[in-house]
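Trainee:
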Amino acid sequence: MKKLLYLFLALALLGCSSDDDETNNLSGFEQYEGTWGPASYTLDGVVYDCDPNSPGVTNIDRIVFLRYEGDEVIMRTEYAVSGGWKHRRDKMLYWVNGAFHEVRLNGDKVEAGNLYTAITISGGYLYDTDHPGMKFVKVK
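Taken in order, the sequence shown gives residues 2 to 141; the numbers are from my numbering.
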């Protein structure tokens, strides 16, 4: 009877193990996760504010951060066209120790590589060095 009790206890503890819990790998990522629409853009040195949900400017980008698998995330860029949004490109990144990392190929394995520093959040706005002169605000 004791052995059966220990077996149930072991199974219960194994079932509660958090090793496979994806949210543990992505601690801190929630501040980025979701859709970031353009709050303003710069054209010829002049800053223009815009509605992040419907900017009214064709070809302006928004950024969407999605959980993928384990500590892998996707940074999707979409552009405004005819009142909607169309896919422009995806960038696969790793979220490791509270920071983005580029994908690195190591033989036949894909793993986290160099720190990816193009994305920052400051004062509630997201900035991306691939979008100079733009700032993004979280919309969902």
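Each residue gets a CB set at the ideal place from its N, CA and C atoms; glycine is no exception.
Going along the chain, which residues of its own chain have a beta-carbon closer than 7 Å to the beta-carbon of Thr121, five neighbours each way excluded?
Mentor: Tyr128.
Trainee: Looking at the structure shown, is Glu34 part of a helix, part of a strand, or coil, going by DSSP?
Mentor: If DSSP states are grouped into helix, strand and coil, Glu34 belongs with coil.
Trainee: Should the region 95-111 be regarded as contacting the region 40-57, the criterion being three or more beta carbon pairs within less than 8 Å?
Mentor: No, because fewer than three Cβ pairs between the region 95-111 and the region 40-57 fall closer than 8 Å, the two stretches do not touch.
Trainee: Please report the Cβ distance between His102 and Tyr126, rounded to the nearest whole angstrom; I am assuming they are in contact, meaning their Cβ atoms lie under 8 Å.
Mentor: Their Cβ separation, rounded to whole angstroms, is 23 Å, which puts His102 and Tyr126 out of contact at 8 Å.
Trainee: Threshold first: 4 residues or longer. Then list the alpha helix (DSSP H) segments lying entirely within the region 26-92, N to C.
Mentor: DSSP runs (the alpha helix (DSSP H)) wholly in the region 26-92: none.
Trainee: Do Arg77 and Asp62 have their C-beta atoms closer together than 8 Å?
Mentor: No, the pair does not count as a contact, with Cβ atoms beyond the cut-off.
Trainee: With C-beta atoms as the reference, is Leu106 less than 8 Å away from Arg68?
Mentor: No, these two residues do not count as a Cβ contact at 8 Å.
Trainee: Looking only at DSSP bridge pairs, what is Tyr128 linked to?
Mentor: Note: Tyr128 sits in a beta bridge opposite Thr121.
Trainee: Kindly indicate the opening and closing residues of the beta strand (DSSP E) around Val140.
Mentor: First-last for Val140: undefined, no H or E at that position.
Trainee: With a 10 Å radius around its C-beta and 16 neighbouring C-beta atoms as the bar for buried, classify Lys4 as buried or exposed.
Mentor: In this predicted model, Lys4 has a pLDDT of only 48, less than 50, meaning its place in the structure is not dependable; the value taken from the coordinates is given anyway. It is exposed - the Cβ of Lys4 has fewer than 16 other Cβ atoms within 10 Å.
Trainee: For Ala40, which of Gly57, Gly29 and Asn115 has the nearest alpha-carbon?
Mentor: Ranking Gly57, Gly29 and Asn115 by Cα distance to Ala40 puts Gly57 first.
Trainee: So what does DSSP say about Gly114, is it helix, strand or coil?
Mentor: Gly114: strand per DSSP, three-state reduction.
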